[in-house]
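**Q** Quick one: structure below, then a few questions.
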Amino acid sequence: SRLFTMKNPTFAPAQLPIAPKPLPSELFSSWMLRVASSNCISLFELLEAVQFNYPETPAPQSLDLCLPLSFIQSIARFCRVPVRKLQALDLRQRLPHLQTALLLQFPSDPFCPRRRHQRVGYAFCPVCVANQHVIHVHWEWCFASVVRCSIHRTPLQVECPDCGESDPLNFESQDLKPRYTCWACGGSLTD
């Protein structure tokens, strides 16, 4: 069941019932999408729940780059995760001199429940995805200059091969097993 609906955010728990641990190799927004999916809500609804519980916390411009400490602290309390683990997911923490022009971007859509306009874009390695026990976006996949997987040397995919979705990774699981299919069309992302 849903924690609340977008039209009526009258109830949001003080802490989320399910909060998966962040993976050291993933983007902050990837972890947030996994948290939202685990709680059967959209990323948009998750951010509304944070705002409901912590109204003094400013909303970040980006969910991957230069995250305000107060936002990270609020998310950490809400998800029962150490602040330092979340800070480590910020691209600015990983690469202090990062030029944002090097990052992939999604087409802007402020009404997208996956909040693409606040996230960096990504390409993905089908072989890496097929081997993931937890579907997530590797932080290295967000750079426009990276065109091959550093592990498998395979070309990175920038969209679903079946429908062209630019944000195809499916963060939902079925019977605790990851889904290796596009969330939009159900096409395989590992072929």
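In terms of our numbering, the sequence shown opens at residue 22 and continues consecutively. Note that beta-carbon positions come from the ideal geometry of N, C-alpha and C, so glycine has one too.
1. Can you tell me whether His-157 is buried or exposed, with buried defined as 16 or more other CB within 10 angstroms of its CB?
2. Tell me the residue span of the alpha helix (DSSP H) that contains Ala-57.
3. Which ranges would you report for the alpha helix (DSSP H) in the region 60-129 if only whole runs of at least 4 residues count?
4. If you follow the alpha helix (DSSP H) that Val-150 is in, where does it begin and where does it stop?
5. So, with DSSP's three-state summary, where would you put Arg-140?
6. Give me the Cα-Cα distance between Tyr-201 and Arg-98, rounded to the nearest whole angstrom.
7. Assuming the contact rule is C-beta atoms closer than 8 Å, Ser-59 and Pro-41 should be a hit. Round their C-beta distance to whole Å, please.
8. Who are the Cβ neighbours of Val-179 in its own chain at under 6 Å, not counting the five residues just before and after it?
9. Cys-61: which of Gln-72, Cys-203 and Glu-193 sits nearest, CA to CA?
10. Residues in its own chain within less than 7 Å of Glu-47 by CB, not counting five upstream and five downstream?
11. Are the CB atoms of Pro-128 and Ser-187 nearer to each other than 8 Å?
12. Check whether the region 161-171 touches the region 114-127, taking contact to mean three or more Cβ pairs, one atom from each stretch, closer than 8 Å.
13. Do you know how far the Cα of Ala-57 is from the Cα of Thr-26?
14. If distances are taken between C-alpha atoms only, which option among Val-155, Pro-189, Val-150 and Cys-181 comes closest to Ile-172?
15. Relative to the C-alpha of Ala-33, which residue among Leu-44, Leu-68 and Gly-142 is closest?
16. Cβ-heavy atom distance between Thr-211 and the ligand FAD below 7 Å?
17. Alpha carbon to alpha carbon, what distance is there between Thr-175 and Gln-229?
**A** Let's see:
1. buried
2. Ala-57 -> alpha helix (DSSP H) spans 49-59.
3. Here the runs fully enclosed are 64-74, 90-100, 104-108 and 112-115.
4. 147-152
5. DSSP, read as helix, strand or coil, puts Arg-140 in coil.
6. 31 Å
7. 6 Å
8. Ala-144
9. The residue with the shortest Cα to Cα distance from Cys-61 is Glu-193.
10. Leu-110, His-157, Val-158, His-159 and Trp-160.
11. yes
12. yes
13. The predicted model places Thr-26 with a pLDDT of 45, which falls under 50 and marks its position as unreliable; any figure quoted below should be read in that light. Thr-26 and Ala-57: Cα-Cα distance of roughly 13 Å.
14. Ile-172 has its Cα closest to that of Val-150, out of Val-155, Pro-189, Val-150 and Cys-181.
15. Leu-68
16. In the structure on display, the ligand FAD does not appear, and there are no ligands present to speak of.
17. An answer regarding residue 229 cannot be provided, because it is not within the stretch 22 to 212 covered by the chain.
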